[in-house]
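Read the structure below first, then the notes.
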Amino acid sequence: MTARQARQARRAAEWGKAKYLGSWAENLWGRLDAVDFLSQAMVLAATLLLCAVPFMLVVSALAGRSAVAGLTSRLGLSPEASADVGHLFASSSTTSSAVTGLSWVFFIGGGLAAAVSIQQLYQRVFQLPKHAWDRLRALVWLAVVVGWLALAALVGHTFHASQPVLWWIISVAVCVLFWWFTMWFLLGGRVAWRRLLPCAVATGGFWIGMLLVFHFTFSGMVIGNEQEYGPIGVVFTLMSFFIAIGVVIILGASTGMMWHDRGMSFRAAVRRTRRTP
C-alpha cells in the first residue's frame, strides 16, 4: 500500500467513525449489546424448543389438528420438507391420548415457562424489574395466544386462499397489534402505549420479513440438513427458526425504543424536510 492509499484509507476510516458516533446505528447497537442480544436469543430459542413446542403439539392435538400441517401452511413447506418434519412427531390422536393425570401439569407448565421467558426478555430490554403478578399475566397472555392461534387456524387458510392480498394487509396490522398488546400486557402496563407503538411496528415488520425469508428458505434448509445429519438435522433447522424469533423480538423492541427516543417519526421527518432550504 502506498502512502497516498494509506492516507485515503485513514481518512475514510475517520469519516466512517465520525458518521457512526452519535448516529442511530450506534444507539441501536448499544441497546442490543447491553442486553447481549445473540445469547439471549439462543436462550429463548432453547426454551421454545423444550417448552413451547411440546405445548403447541398438545394444543393442536387436543383441537384435532396437525401441528405439522399448521407449520407447513405458515412457512410454505414443500411436500418433502413437510414429510421430514412430520417424521419427528407422533400423530395427533397419539399425542392427545397421552395427556392424562400429571401430564397436564407439565403441559401447562411448559407453556407458562415459554411465556415467562418472553416476558423476562422484554423486562431485560426495557430494564424493568420483576413484578409480583408476572406469572399470572404470562398465563393470561398464553391463553390469549392459544385463542388467537385457534381463530387464525379456523379462518386463516380459507381467507388466504380467497383474498391473498387482503390477507397479507390484515396480517401485518394484526401482527403489529399483537406485539403492541404483548409488550404492554407482559410488562404490566409500566411502559406507555405511545412509547410501545414504534416497538410494535418494528417487531411486526421484522416478524413479517422473517416469515417471508423462511417461506423461501425453510424447505431447502430442512431437506438439506435432514440429508446431511438425519432427523436431528430437522431439529437444527427448527432451532434456527426459534433463534430468529428471539432476534426479532429483541431487535424490534430495541429499534422501536431508538426510534422513539431519537424522534425518528414520519411527522418529524416531514418537518425536517420542510425546514431544508
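The sequence shown maps to residues 49 to 325 in our numbering.
In this text, a Cβ means the ideal position worked out from N, Cα and C, and glycines have one as well.
Open item on the list: Applying the 10 Å Cβ sphere with the 16-neighbour rule, what's the burial state of Ala128?
Closed with: Here the question's residue 128 lines up with position 80 in the sequence shown. It is worth fixing the name first, because residue 128 is Glu in this sequence and not Ala. Glu128 comes out exposed.
Any idea what DSSP makes of Gly311, helix, strand or coil? Position 263 of the sequence shown holds residue 311. Coil at Gly311, not helix or strand.
Original post:
Excluding five sequence neighbours on each side, which residues of the same chain lie with their C-beta closer than 6 Å to the C-beta of Ser210?
Top reply: Start at 1 with the first residue of the sequence shown, and residue 210 comes out as number 162. Nothing meets the Cβ criterion.
**Message:** Let me confirm a value: Ser71 is counted as buried when at least 16 other C-beta atoms fall within 10 Å, else exposed. Which label applies?
**Reply:** Counted from its first residue, the sequence shown places residue 71 at position 23. So Ser71 counts as exposed.
Thinking Gln175 and Leu234 are a contact (beta carbons under 8 Å), I'd like their distance in whole angstroms, please.
Residue numbering aside, residue 175 sits at position 127 when the sequence shown is read from its first letter. Residue numbering aside, residue 234 sits at position 186 when the sequence shown is read from its first letter. Not quite, the Cβ-Cβ distance comes to about 15 Å (not below 8 Å), so this is no contact.
| task | Leaving aside the five residues before and after Thr95 along the sequence, list all residues of the same chain whose C-beta is less than 8 Å from its C-beta, in chain order. | result | Translated into the one-based positions of the sequence shown, residue 95 becomes position 47. Here the set comprises Ala161, Ala162, Ser165.
Out of Phe289, Gly236, Trp227, Val194, state which residue places its alpha-carbon closest to the alpha-carbon of Ala93.
For this step, residue 93 is matched to residue 45 along the sequence shown. Ranking the options by Cα distance to Ala93, first place goes to Phe289.
query: Just to confirm, are Ala301 and Thr230 a CB contact at a threshold of 8 Å?
result: As a working note, residue 301 is residue 253 in the sequence shown. As a working note, residue 230 is residue 182 in the sequence shown. Taking 8 Å as the Cβ cut-off, Ala301 and Thr230 do not qualify as a contacting pair.
Taking the Cβ atom as the reference point for each residue, do Ala73 and Val295 lie within a distance shorter than 8 Å?
For this step, residue 73 is matched to residue 25 along the sequence shown. For this step, residue 295 is matched to residue 247 along the sequence shown. Result no, Cβ atoms of Ala73 and Val295 do not sit closer than 8 Å.
Q) Can a CB atom of chain C be found closer than 8 Å to the CB of Trp72? A) Checking the listed chains, one finds no chain C in this structure; it contains a single protein chain.
Near Val194, which residues of its chain fall below 7 Å by C-beta distance, leaving aside the five closest residues on each side in sequence? Here residue 194 refers to the residue found at position 146 when the sequence shown is read from its first residue. Result list for Val194: Val107, in chain order.
| query | So is Glu274 buried or exposed if we call it buried at 16+ other beta carbons inside 10 Å? | reply | Translated into the one-based positions of the sequence shown, residue 274 becomes position 226. The residue is buried, with at least 16 neighbouring Cβ atoms inside 10 Å.
Subject >> Which of helix, strand or coil DSSP assigns to Pro325 >> reply: Here residue 325 refers to the residue found at position 277 when the sequence shown is read from its first residue. Per-residue confidence for Pro325 stands at a pLDDT of 48, beneath the threshold of 50, marking its modelled position as unreliable; the derived number appears in the next sentence. Correct three-state label for Pro325: coil.
Query - Spatial distance of Ile217 from Gly112 (CA atoms) - result: For this step, residue 217 is matched to residue 169 along the sequence shown. For this step, residue 112 is matched to residue 64 along the sequence shown. Rounded to the nearest angstrom, the two C-alpha atoms are 29 Å apart.
By alpha-carbon positions, which one of Arg238, Leu299, Leu199, Leu98 ends up nearest to Cys247? Here residue 247 refers to the residue found at position 199 of the sequence shown. Minimum Cα distance to Cys247 is reached at Leu299.
**Asked** For Met306 versus Asn75, is the C-beta spacing smaller than 8 Å?
**Response** Here the question's residue 306 lines up with position 258 in the sequence shown. Here the question's residue 75 lines up with position 27 in the sequence shown. Yes; because the gap between Cβ atoms is below 8 Å, this pair is in contact.
Nearest to Pro177 (by Cα), restricted to the options Ala131, Gly253, Gly159, Gly236: Here residue 177 is taken as the residue at index 129 of the sequence shown, counted from 1. Among Ala131, Gly253, Gly159, Gly236, the Cα nearest to that of Pro177 is on Gly236.
Contacts around Ala100, its chain only, beta-carbon distance under 6 Å, and the 5 residues preceding and following it disregarded = Position 52 of the sequence shown, counted from the first residue, corresponds to residue 100. Within the same chain, Ala100 has close Cβ partners Ala162.
**Report entry** Own chain partners of Ser267 with C-beta closer than 6 Å, once the 5 adjacent residues on each side are dropped
**Finding:** Here residue 267 is taken as the residue at index 219 of the sequence shown, counted from 1. Cβ within range, chain order: Leu125, Ser126, Ala129.
Subject >> Exposure of Arg242, with buried meaning 16 or more beta-carbon neighbours within 10 Å >> reply: In the sequence shown, the residue the question calls residue 242 occupies position 194. Exposed.
Review point. Given that a residue counts as buried once 16 or more other Cβ atoms are within 10 Å of its Cβ, and exposed if not, what is Ile280?
Key: Taking the first residue of the sequence shown as position 1, residue 280 is located at position 232. With fewer than 16 Cβ atoms within 10 Å of its Cβ, Ile280 is classed as exposed.
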